[in-house]
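The block underneath contains the structure these notes are about, expressed in structure tokens.
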Amino acid sequence: MKIKFLLILLLLTQLALASSKDIKISIEPIDIVEPDSTFTLKINIENPTTSPIEDIKIKVEEDTPFIIENNEIKISELEPNETKTTYFNIEVEDTEANTYDLEIKYKENNDNYETETIPITIKSKSSDIILSKINTIPEITEQGKKTILELTIVNNGKTNTKNIKAKLDLTFVPFAPITSTEKSILSLNTKEEETITFEIKSLANTESGTYKIPLSITFEDEGGEIKEKQELVSITIGSTPIIDISAETEKPVIIDQPSIFTIKLTNSGLENIKLATLTLKESNNYKIISTNKIYIGEIDSDDYQTAEFTIIPITKTPVNILFTFKDSNNKDFNIEQELDIPIYNLNEAKSLGLISNNTNTIIIVAFIIIIIIALIIYKKRKKKND
Numbered sequence: 001m002k003i004k005f006l007l008i009l010l011l012l013t014q015l016a017l018a019s020s021k022d023i024k025i026s027i028e029p030i031d032i033v034e035p036d037s038t039f040t041l042k043i044n045i046e047n048p049t050t051s052p053i054e055d056i057k058i059k060v061e062e063d064t065p066f067i068i069e070n071n072e073i074k075i076s077e078l079e080p081n082e083t084k085t086t087y088f089n090i091e092v093e094d095t096e097a098n099t100y101d102l103e104i105k106y107k108e109n110n111d112n113y114e115t116e117t118i119p120i121t122i123k124s125k126s127s128d129i130i131l132s133k134i135n136t137i138p139e140i141t142e143q144g145k146k147t148i149l150e151l152t153i154v155n156n157g158k159t160n161t162k163n164i165k166a167k168l169d170l171t172f173v174p175f176a177p178i179t180s181t182e183k184s185i186l187s188l189n190t191k192e193e194e195t196i197t198f199e200i201k202s203l204a205n206t207e208s209g210t211y212k213i214p215l216s217i218t219f220e221d222e223g224g225e226i227k228e229k230q231e232l233v234s235i236t237i238g239s240t241p242i243i244d245i246s247a248e249t250e251k252p253v254i255i256d257q258p259s260i261f262t263i264k265l266t267n268s269g270l271e272n273i274k275l276a277t278l279t280l281k282e283s284n285n286y287k288i289i290s291t292n293k294i295y296i297g298e299i300d301s302d303d304y305q306t307a308e309f310t311i312i313p314i315t316k317t318p319v320n321i322l323f324t325f326k327d328s329n330n331k332d333f334n335i336e337q338e339l340d341i342p343i344y345n346l347n348e349a350k351s352l353g354l355i356s357n358n359t360n361t362i363i364i365v366a367f368i369i370i371i372i373i374a375l376i377i378y379k380k381r382k383k384k385n386d
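113 is the number that our numbering gives to position 113 of the sequence shown; each next residue is one higher, with no gaps.
Rendered as structure tokens:
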């Protein structure tokens, strides 16, 4: 009788242990999860038995890098062959790419928790290489001269990259390579950057302006996928304008008399200029009786324009001018300059023979008139005598 009691007790104990495993859970697979994101964990709880199961608890353990606001769900009762689905919203910290274990615990009634562990792969799905900085030396390149291009490339994604290659395409731009048009970077970790350098030369006959050079960047992400990006690198071609300014006069410029002089503007550089304006600045040394500002417009390379002003000089001092214009790249230029003009007083001009002496002229004219009158009178008297 004692043996029978022990066998019954053992059987009841085994049934009690089995009851803690009556429920069946299934977890839907989780795809790759990105850092600093949120995903939903879906768990199905099934009662495969023929009896109701009560007081079911499903718990997801919160551990780095996972953050779970409500990490436990309770089901009061699960009928035979019934299945219920629970959802957990799980936040992922901004962490390194890796595979992390997520623990799921469940129990029924007052049994001990059973544990299931699932691996969660955290990896950025997007790798991104960007061209973050372009530096040209010099800032503006003269025709036929060398340019150094410094390009800074940054891994702006959340995964490491490798085998980065940057290539310039000079096919349709007026530049020739001095060094290789392709540069390589072995690898770039997240947020890491590296600067590569190209040397190119503009063609001698290149027109001033800004040119865009295509740049292709290829790289390999952590999954071995080859990706490509297209960028544009801008280079400005131009040279410093060279403007020669001089003053010319056809007639002597005399103090206290209206006098005309001409300013000649010669573009002796390689750069065309535009929107040019010439201003004769006010001064106590002369009075301006013409307009003091003349719009010139464009002056091409190896060409010139002129402007004419009328003044009344007061003293023998240079005139002051302001010449403003833009180059082909819309850079503003201002040239202030003093121009020497030969200025004479009246006596100097007469003594140098620059102007005629009015007194002598009157005497000569009067003498000629007297001679003419005398001849007329002589002829009339001669006729009467005849």
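We treat Cβ as the ideally placed atom computed from N, Cα and C, and that holds for glycine.
Legend entry - Residue interval of the beta strand (DSSP E) (run including Asn163): 161-168
Inset, instruction - State the start and end residues of the unbroken beta strand (DSSP E) segment that holds Leu131. - result: 129-137
Inset, instruction - Answer with buried or exposed for Thr50, where buried requires no fewer than 16 other C-beta atoms within 10 angstroms of its C-beta. - result: exposed
Inset, instruction - Starting from the C-beta of Lys316, find all residues in its chain whose C-beta is less than 6 angstroms away, skip the five residues before and the five after it, and write them out in chain order. - result: Ile343
Legend entry - Neighbourhood of Glu282 by C-beta, 8 angstroms cutoff - its chain only, sequence neighbours within 5 removed: Ile288, Asn292
Inset, instruction - Please list, in chain order, all residues of the same chain as Pro241 whose beta carbon is under 8 angstroms from its beta carbon, the five residues on each side excluded. - result: Asn267, Gly269, Glu271, Ile273, Phe325, Asp327, Phe333
Legend entry - Among Asp101, Ser187, Phe323, Thr279, the one whose alpha carbon lies nearest that of Val92: Asp101
Legend entry - Buried or exposed (CB count within 10 angstroms, at least 16 for buried), Asn47: buried
Legend entry - Distance between Asn156 and Glu62 (C-alpha atoms, nearest Å): 30 angstroms
Legend entry - Classification of Ser124 by the beta-carbon crowding that lies within 10 angstroms, buried from 16 upward: buried
Inset, instruction - State the beta-bridge partners of Pro313 as determined by DSSP. - result: Tyr286
Inset, instruction - Would you mind working out which of Lys380, Thr64, Asp55, Lys57 sits nearest Pro35, comparing C-alpha positions? - result: Thr64
Inset, instruction - Determine the extent of the alpha helix (DSSP H) in which Asn347 is found, giving its start and end residues. - result: 346-351
Legend entry - For Ile368, three-class secondary structure by DSSP: helix
Inset, instruction - Could you tell me if Ile370 is buried or exposed, where buried requires 16 or more neighbouring beta carbons within 10 angstroms of its beta carbon? - result: exposed
Legend entry - Nearest to Ile32 (by Cα), restricted to the options Glu114, Ile118, Thr236, Asp111: Ile118
Inset, instruction - Identify the continuous beta strand (DSSP E) that holds Gln337 and give its terminal residues. - result: 332-339
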